[in-house]
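**Student:**
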Amino acid sequence: MQNQSNIVIEKSVLNIEYRFGNKFSMPSDYIVYFEKKENIALNTYIRNNYEELKNKFSKLDFNLLFAPLLTNTINDIDKVVEYFLPQLTYYEIHKKVKSDYAMLMFVEGLNKGIDDFVAVFPEEEFIPSSYNYSDILKLIGYNGNFNSGFTLFNNVIGVSDAFYEKNSKGDFSSFFKEFEDYLAEISNEEGDAMIANAPPVVDLTEKLDEEAVQIVNDLKEKLAALTDSGQLLFIVPILKDLLDKQTEKIDFKSISKIKIDKQNKILLPYFKKEVELSHLTKSVYFLFLKHPEGINLKELENFKKELLTIYISVSNQLDHDKMIKSVEDVVNLETKAIYAHLSRIKSAFYKIMDASHANHYIISGNGEENRKVLFNTNGIDWYVYDPIEDYEL
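The sequence shown begins at 1 in the working numbering and counts up by one.
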């Protein structure tokens, strides 16, 4: 343990990388206040100066999180969880998360309202309502010696005895000034290592339609808001509690089987999702599912009859001449029609799940090279496939 005039630094192994899939992790730029025993003086100072402290830390690229004040809700939080972790849909855990989260936010909001009321009509000595930090302490895995402090990487910052000896009136300004100086020092030393462990920014919009782009961006913004606001502190413990009860049932490494029903709907039973495509685009997708070895687009002309056969079985059109023309356009690379259908397939999956899952199902590849679906076709439950072998072009 290293002593300085106002702050004490304790090296501690913190479990700040608890993950549910590849999107939920505790960012390393979080500075989280915690208590094992209530510290009324420090609590009161943080409450009264929270915005000022938060802004000062923000200028050093740190996000100060004080749990009692994190009561702003995010709309459609169940949709955010479901999009990035579609495995949870089968057990409807995303809905349970929203329900439990809403109740927790209501309780925290009520507590804050009581505090605000007391602040307007103070007693002789204002005492803030207590906050249960047990979930946060369990999440970060802190087992050190401090009764209260601030987490930072694998360090925990506490208030020194020397500070308390010099300051008995609850003024922590000199403590936070030294805290800021320490953050500025380690920021310069660590450089890029201080970048948050937030989800990596990946451009998922290439060749997606406008609707898919909007959905992806909207959900990414909601997740970013969830992370930046610190509400991840509330979501992760709720998720952890629910998932601990379902440990043997949920396999985060698996993906859903594909089921093609008698109406030719593309269903992902484990994710409880339907992938909606037009008849012709769906026929293109079925063609690639039928050829797990892949298809070189330069040779697509050789699959014209098979594509038409599939299209006839999928479509409800009666104009065969029009259908033949549509298929001829698809297999003719000069029209570039095939790329439009590949883009629509990609967009359909990206609208309903994160790329880390969607990429198993879309038709992968670039340019005119071999294109294929990465999904194991043995996992396809095909209700019926009745090819019209004798149909002549």
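Ideal placement from N, C-alpha and C gives every residue a C-beta, glycine not left out. Given the structure is predicted, the values throughout are model-derived calculations rather than measurements.
Alpha carbon to alpha carbon, how far is Glu221 from Trp382?
**Tutor:** For Glu221 and Trp382, the distance between alpha carbons rounds to 37 Å.
**Student:** Over what stretch of residues does the alpha helix (DSSP H) that includes Tyr90 continue unbroken?
**Tutor:** Per DSSP, Tyr90 belongs to no alpha helix (DSSP H) and is neither H nor E.
**Student:** Could you tell me the boundaries of the beta strand (DSSP E) in which Thr151 lies?
**Tutor:** Start and end: Ser148 to Leu152.
**Student:** Alpha carbon to alpha carbon, what distance is there between Gly230 and Leu70?
**Tutor:** Going from the Cα of Leu70 to the Cα of Gly230 covers about 7 Å.
**Student:** So what's Phe62 in DSSP terms, helix, strand or just coil?
**Tutor:** Looking at Phe62 - three-state DSSP - the assignment turns out to be coil, as it is neither helix nor strand.
**Student:** So, with DSSP's three-state summary, where would you put Leu69?
**Tutor:** Of the three classes helix, strand and coil, the one that applies to Leu69 here is helix, per DSSP.
**Student:** Pick out the complete alpha helix (DSSP H) segments inside the segment 210-284, 4 residues or longer, and give them in chain order.
**Tutor:** If we require 4 residues or more, the alpha helix (DSSP H) runs fully inside the segment 210-284 come out as 210-228 and 232-244.
**Student:** Our contact map puts Ile7 next to Glu165 with C-beta atoms below 8 Å; I'd like the distance itself, whole angstroms only.
**Tutor:** Incorrect: roughly 14 Å between the Cβ atoms, too far for contact.
**Student:** As a quick exercise: from Pro292, Lys305, Asn264 and Glu35, pick the residue whose alpha carbon is nearest that of Asp135.
**Tutor:** When only C-alpha atoms are compared, the closest one is Glu35.
**Student:** Taking 8 Å as the cut-off, decide whether the C-beta atoms of Phe150 and Ile266 are in contact.
**Tutor:** It is not a contact, given that the beta carbons lie outside the stated cut-off.
**Student:** If you draw a straight line from the alpha carbon of Phe163 to that of Ser5, how long is it in whole angstroms?
**Tutor:** About 7 Å.
**Student:** Does the beta-carbon distance from Ile77 to Gln246 come in below 8 Å?
**Tutor:** Not a contact, by the Cβ cut-off of 8 Å.
**Student:** Going by other Cβ atoms of all chains shown within 10 Å of its Cβ, with 16 needed for buried, is Leu308 buried or exposed?
**Tutor:** Per the 10 Å Cβ criterion, buried.
**Student:** Tell whether a beta-carbon distance below 8 Å holds between Ile258 and Leu287.
**Tutor:** Contact: no.
**Student:** The alpha helix (DSSP H) that contains Tyr311, what's its start and end?
**Tutor:** Where Tyr311 is concerned, the enclosing alpha helix (DSSP H) stretches over Lys304 to Val314.
**Student:** Leaving out the 5 sequence neighbours to the left and right, which residues in its chain are closer than 7 Å to Ser326 when beta-carbon positions are compared?
**Tutor:** Within the same chain, Ser326 has close Cβ partners Leu280.
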